[in-house]
Each structure stands twice: as structure tokens, then as C-alpha cells.
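Inspection log for the structure reproduced underneath, given as C-alpha cells.
In this note's numbering, the protein residues as written are 1 to 219.
The following block contains the structure:
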């Protein structure tokens with residue numbers, strides 16, 4: 001029913017979106033009393049095949065998402081050093097940051113899109129604030145120009161706070177420029193410390209409801 005597709009990120013989502021558009025079109029045809037016979041199948045076989053295709057696509061999407069999440073959990077579960085974080089892909093690094101916020105009880109998600117003005121993660125904090133995060137999987141220093149650009153993006157997004165997270169370090173000028181602004185700068189050592197502590201407490205919370213809150217970058 002579908003031509004071969006190069007399996008890249010978003011292909012399956014595109015197929016599912018196309019299926020839903022076709023479902024809407026078929027619904028409109030049914031309301032007008034038009035025939036929905038295809039070149040391959042008469043009715044009601046055609047509708048049955050169409051519905052089964054949709055079920056198969058959606059089931060496959062959930063399966064792939066669950067498999068990715070399971071593999072991601074296994075990979076980040078072994079993070080114990082900055083070198084381990086550098087071995088993550090940019091997407092995995094962003095997902096690790098999302099996971100840290102989720103473990104702290106916030107709602108967080110990757111933007112996962114281009115044209116995001118340098119925003120990689122959006123957090124809806126427990127206190128009702130909107131936080132934006134930029135992730136830098138770097139080995140060197142993050143300088144003042146990066147902080148300035150991000151601050152502009154933060155204001156554009158009308159966020160209450162912003163955080164830049166890097167596996168590297170921040171230059172002295174970058175930290176000086178951020179001082180006094182609603183910005184948090186987290187370098188590799190700080191991130192690793194938070195991740196280890198959050199992972200440990202998350203495990204404790206699975207057995208003890210009274211575990212203390214997990215700290216993130218924003219306090």
C-alpha cells in the first residue's frame with residue numbers, strides 16, 4: 001500500500017499523519033454517500049484493510065517508542081562521568097536533561113524541531129513557571145555570546161527562567177554576564193553531580209514515598 005521509505009526520524013509519524021488525513025477524507029466521502037472502492041479491494045474489504053493498516057502503524061509507533069525509551073534508560077543509567085555524557089548523541093543528551101527534570105516532578109519535553117531559537121527543552125515547573133533550557137554537549141568553554149543569544153531567546157519565549165547546560169565549562173565573562181539575571185549555568189561537573197544524586201533518590205522514591213525532593217538546576 002505504501003512505497004518504500006527511507007527509515008529516518010519522522011517517517012513513521014508522517015505515515016500515521018497521512019493515514020489520519022485519509023481517514024478524514026474517507027469519513028467525508030461516507031457522509032456524501034460516495035463509493036470508497038479501491039483499485040485493489042471492493043467494500044467492505046477496502047475499509048477493513050484501511051483500518052488494519054492504521055492499527056498496525058499506531059501499534060508500531062508505540063512499540064518503537066517503548067523500545068527507544070528502554071534503550072535510553074539502559075544507556076543513561078550507566079552514566080557515571082562526563083566522558084559517558086559525551087558518548088551520548090545530542091538527542092540522548094537532551095533526553096537525559098528532560099529525564100532529570102521529570103525525576104524532580106516537573107513537566108518537561110524536548111522541542112525536537114529546527115527554528116527553536118536555541119531552545120532544546122521546555123519545562124513547565126511545579127510552581128507554575130515556564131523554564132527554557134539549552135543543552136550544549138561540548139568539551140570546551142561556553143562563552144558570553146552564547147549566553148547573550150540564549151537570554152534573547154528566553155525573553156522571546158516569555159519564559160520565567162532559563163538554564164544552559166553543558167558538559168564543558170563556562171568562561172568567566174559568561175558567568176559575569178549571567179549574574180543577576182534569571183539564568184542558571186550548569187557545567188559538566190554540576191550536571192554530573194545532579195544526575196547521580198537524582199538517579200539515587202529516584203530509586204529510593206520507588207520504595208520510600210518520603211524521600212526528599214530531587215534538586216535540579218533551577219532553585
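Think of the CB as a built atom: it goes at the ideal place given N, C-alpha and C, for glycine as much as any other residue. Small disclaimer: the values here were computed from a predicted structure and weren't measured.
message: In the DSSP output, which residue or residues are listed as bridge partners for residue 141?
response: 169
query: What's the C-alpha gap between residue 166 and residue 176?
result: 17 Å
field: Beta-bridge partners of residue 162, as assigned by DSSP
entry: 132, 183
query: Going by the beta-carbon positions, is the gap between residue 103 and residue 201 smaller than 9 Å?
result: yes
query: Closest to residue 57 by CA distance: which of 161, 197, 15 is it?
result: 15
query: If you draw a straight line from the C-alpha of residue 89 to the C-alpha of residue 119, how long is it?
result: 17 Å
- prompt: Going by alpha carbons, who is nearest to residue 86 out of 198, 197, 199, 189?
  reply: 189
- prompt: Under the rule that 16 or more other beta-carbon atoms within 10 Å means buried, what is residue 59, buried or exposed?
  reply: exposed
task: Determine the extent of the alpha helix (DSSP H) in which residue 107 is found, giving its start and end residues.
output: Unbroken run through residue 107 is the beta strand (DSSP E), 107-110; no alpha helix (DSSP H).
task: Note down the Cα distance separating residue 47 from residue 28, rounded to an integer number of angstroms.
output: 14 Å
field: Which of helix, strand or coil DSSP assigns to residue 127
entry: coil
- prompt: What's the C-alpha gap between residue 92 and residue 136?
  reply: 12 Å
field: Cβ neighbour criterion (16 or more within 10 Å) applied to residue 142
entry: buried
message: Quick check on DSSP: helix, strand or coil for residue 1?
response: Because residue 1 sits at a pLDDT of 37, beneath the cut-off of 50, its placement in the model cannot be relied upon, and the following sentence gives the value as read from the coordinates. Reduced to three states, the DSSP call for residue 1 is coil.
Residue 98 - containing alpha helix (DSSP H), residue span: 90-103
query: Rounded to the nearest angstrom, how far is the Cβ of residue 182 from that of residue 161, given a contact under 8 Å?
result: 5 Å
message: On the DSSP letters alone, give me the boundaries of the alpha helix (DSSP H) that residue 119 sits inside.
response: Segment: none, residue 119 is in no alpha helix (DSSP H) and carries neither H nor E.
query: Closest to residue 24 by CA distance: which of 50, 42, 12 is it?
result: 50
query: What residue from 138, 139, 42, 132 has the CA that sits closest to residue 151's CA?
result: 132
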